[in-house]
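Chains as they are written, first to last, in my numbering: chain A, 124 to 654; chain B, 1282 to 1637.
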């Protein structure tokens, strides 16, 4: 009989009492989100590099600097670090830690924890570690390069980097501050990597109560959060793959937020009472990469022609409607130094003339495209306009993994796909689109988009990209990126086409939803549900 | 006649020993062929997985990894070893019940399967039950009243079941019964408020909620499972009812049936006691096969109903080159088929007097 009195039984009884119908509303203090979360491999901030994993960590951890969900345009703001100071020579940055902040475990957040968190990310050297190691930290030197005392932490850099560059990188998930004592108590000999893959030890607004792979993530509000306890006491993220299923759940009020609605479902849900759609620009750029190993595509006239063979407005207004907007520069809007010029127009006549004059008419190109509807649709539109201009494009559809393999081996002639920034600084895209110091096959710079497309970036542009990481003045730095992008638009064979827009379906009463815009991951602490 | 009876009751001792030896040998043979089947299954899956043009290392380290990170992971996964060494090592692990770690969830494959298989098992069992309890009577009646109304209806039902794409039926079912009528729960195994409320014992939520005595949780889980289970049930019903009908027609045209009718037995007794008893053996095979194919997990149904089952798990693993997960899943499916075969063998013994 005892079990009848458990909180579970009481909760169930009350739930039954208030929810007899199928049209049940979600509880007022609970946010229920439907999302595709089957990409999570690990929840360790030093390892997670997937969208959904970062979505979780954004809320369970704090970083030295963070974005304010209610004021994203302001850029990074003090978080666990109250303030910072750059040394005269620009070679070190000292952060003063905020006092009185606690981890979920109750342990105080110390400079030691922050330093250890960064050090362990460098030492573990997993996928996202490059965000930190690009400042000269290595597993061997990191304990000398990241130092701390009772109240402050100092980063000793190998070059006088732009402070905005360093601080933007510190907003990344890999720079999350981890509770050293708790992790060490549970860690094996892997600096807690295995344990943190399934658990959270942070100071963020939410604690992790459950993660079942491919199924659900549950978060509970951290009542002692230093910026005030979040309004939503529970956040449940359910893995729902089908857009139509998400739509039904949202219409029925069984969920509050649907994050993967297809354009069709967005259209038809817009008229449903009690539901609203919120569009947010995200950081991902859909681009066309023209492989310079291809004899046709390496012809400058063909490169120029291809830029006129994409029906930017037509595509964005039809099958990519509500998913992408035209965007022809490699920095997404919302970034420092973003360029919003769209110089190219759809002009088949002009392209045909360029191709004819170059003697390239009648050539055939065989390419591989990932079997994702957005990409194949763009490829087919391109195929049609190329045919009008005298070029034949043959498309082989295959899985994402297969295309990626070939792309990394420099074997995709016309690549149609997306690039998502790794951190919120312009260098993340500049360093891959506009930087390629060694274009030989032996260089194996598989991480660089320029290398994958065999684009020998001019020396001046390589240098400009490096120089921009060192510019101390943020305004001058922004101008440098604008200049690089203009030159890029003029000559590069990698052609940014569109920027991702993410529509989120919300119940009418959900306020202040923020998927993270182009620079961060989703944030829940400011979300409220009105009447 | 008495002679044969006496002989069966007391066979000579050496005859009995020979029979026992034969039985042992046949069990040994069955076991051996089972082991060989499983080994072959694993080998083929393993080779397909390795020759697939998908790089599992990329899945682990991500697209942006440096060459050094890539190489480290490549070695850690043992991919630098020759294929036969990799396979031998894998077999050794499997024998100790270690199926490795899935690279798409980061969890041990055993844990993953213990989580996803009950979801599929629950759905497949309910689906098969529906298929059997509706399909068999439908098939029998259709055969008994050949060309009648029931036969025509059964034919249309089966045809629609065979030809309708399951994702379309699933979506329409959701739209109608969940979206418009509100009779059943939406996608997922449970309503949100029940999520994680029932302690996991078997992993079958219907059973677990009964064990916990949570009647409300049971009702909720039932309202979520009934639609996808009916859908799967419909498909197995289509198959089972057609097979039942053709088995029955074969029996009903046999001479012993005519004899029975001539002897004045009621039609009911003729159909159920005589004809039906004789088709029960092939029917068991049909049902076992249909159950087995549902146990593989129906990917489309699972995706539409957000059902975290085996089908989705294996498909996703296959697409990301996650061989540990694929092989683990293959072992489970293989074991299921073997177990079902054994089970139908045992059922034969009960149903077929000759095998006693």
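Here a beta-carbon is modelled for each residue, glycine too, at the ideal position from N, C-alpha and C.
For residue 491/A, the uninterrupted beta strand (DSSP E) segment begins and ends at 487 to 493.
Here the C-alpha atom of residue 1629/B lies approximately 22 Å from the C-alpha atom of residue 1576/B. Taking the beta carbon of residue 161/A as reference, the chain B residues within 9 Å of it are 1385, 1386, 1593 and 1597, listed in sequence order.
Listed along chain B, the residues sitting closer than 9 Å to residue 567/A by beta-carbon distance are 1348. If you check the CB distance, residue 1393/B and residue 1385/B do not come in under 7 Å. Per DSSP, reduced to three states, the secondary structure at residue 257/A is coil, with no helix or strand assignment.
For residue 402/A, the enclosing beta strand (DSSP E) begins and ends at 398 to 413. Residue 407/A and residue 221/A have their C-alpha atoms some 33 Å from each other. Looking from the CA of residue 400/A, the closest CA among 652/A, 646/A, 631/A and 649/A belongs to 631/A. Ranked by Cα distance from residue 1605/B, the options 1440/B, 1412/B, 1379/B and 1437/B are led by 1379/B.
Annotation for residue 173/A: no beta strand (DSSP E) segment contains it, and DSSP assigns it neither H nor E.
Sequence-distant Cβ neighbours of residue 1519/B in its own chain, meaning closer than 6 Å and more than five residues away, are 1439, 1442 and 1443.
For residue 231/A, there are no C-beta contacts with chain B under 7 Å, since the nearest C-beta of that chain is about 30 Å from it.
Taking C-alpha positions only, residue 1543/B is separated from residue 1523/B by approximately 28 Å.
Taking C-beta atoms as the reference points, residue 322/A and residue 362/A fail to come closer than 7 Å.
Note on geometry: alpha-carbon atoms of residue 1567/B and residue 1561/B lie some 10 Å from one another. For residue 540/A, DSSP records a beta bridge to 410/A. Listed along chain B are 1474, each with a C-beta nearer than 8 Å to that of residue 150/A.
Taking a 10 Å sphere around the C-beta of residue 1631/B, we find fewer than 16 other C-beta atoms and assign the residue as exposed. Taken through DSSP and simplified to helix, strand or coil, residue 1574/B comes out as helix. Distance from the CA atom of residue 266/A to the CA atom of residue 355/A, rounded to whole angstroms, is 39 Å.
For chain B, none of the residues of the stretch 405 to 423 of chain A brings a beta carbon within less than 7 Å of one of its beta carbons. In this structure residue 179/A does not touch residue 244/A by the C-beta definition: roughly 17 Å separates them, more than the 8 Å allowed. Short of 6 Å from the beta carbon of residue 471/A, and not among the five residues preceding or following it, lie these beta carbons of its own chain, in chain order: 508, 511 and 512. Residue 542/A counts as buried, since no fewer than 16 other beta carbons sit within 10 angstroms of its beta carbon.
Under the Cβ criterion of 7 Å, residue 570/A is counted among the residues facing chain B.
Contact between residue 287/A and residue 568/A is absent: CB atoms are separated by about 25 Å, not below the 8 Å threshold. If you ignore the 5 residues before and after residue 1315/B, its C-beta comes within less than 8 Å of the C-beta of 1619, all in its own chain and listed in chain order. Residues of the same chain with a CB within less than 7 Å of the CB of residue 474/A, apart from the 5 flanking positions on each side, are 428, 431, 432 and 512 in chain order.
Residue 354/A sits in coil when the DSSP states are folded into three classes, being neither helix nor strand. Inclusion of residue 600/A and residue 591/A in the CB contact set at 7 Å is warranted, their separation being smaller than that value. Following the DSSP letters along the chain, one finds residue 189/A inside the beta strand (DSSP E) bounded by residues 188 to 190. The beta carbon of residue 1585/B falls within 7 Å of a beta carbon belonging to chain A, placing the residue at that interface. Taking all protein chains in view, the Cβ of residue 1390/B is crowded by 16 or more other Cβ atoms within 10 Å, so the residue is classified as buried. Residue ranges of uninterrupted beta strand (DSSP E) with 3 or more members, entirely inside the stretch 498 to 524 of chain A and ordered along the chain, are 515 to 521.
Secondary-structure assignment with DSSP links residue 329/A through a beta bridge to 344/A.
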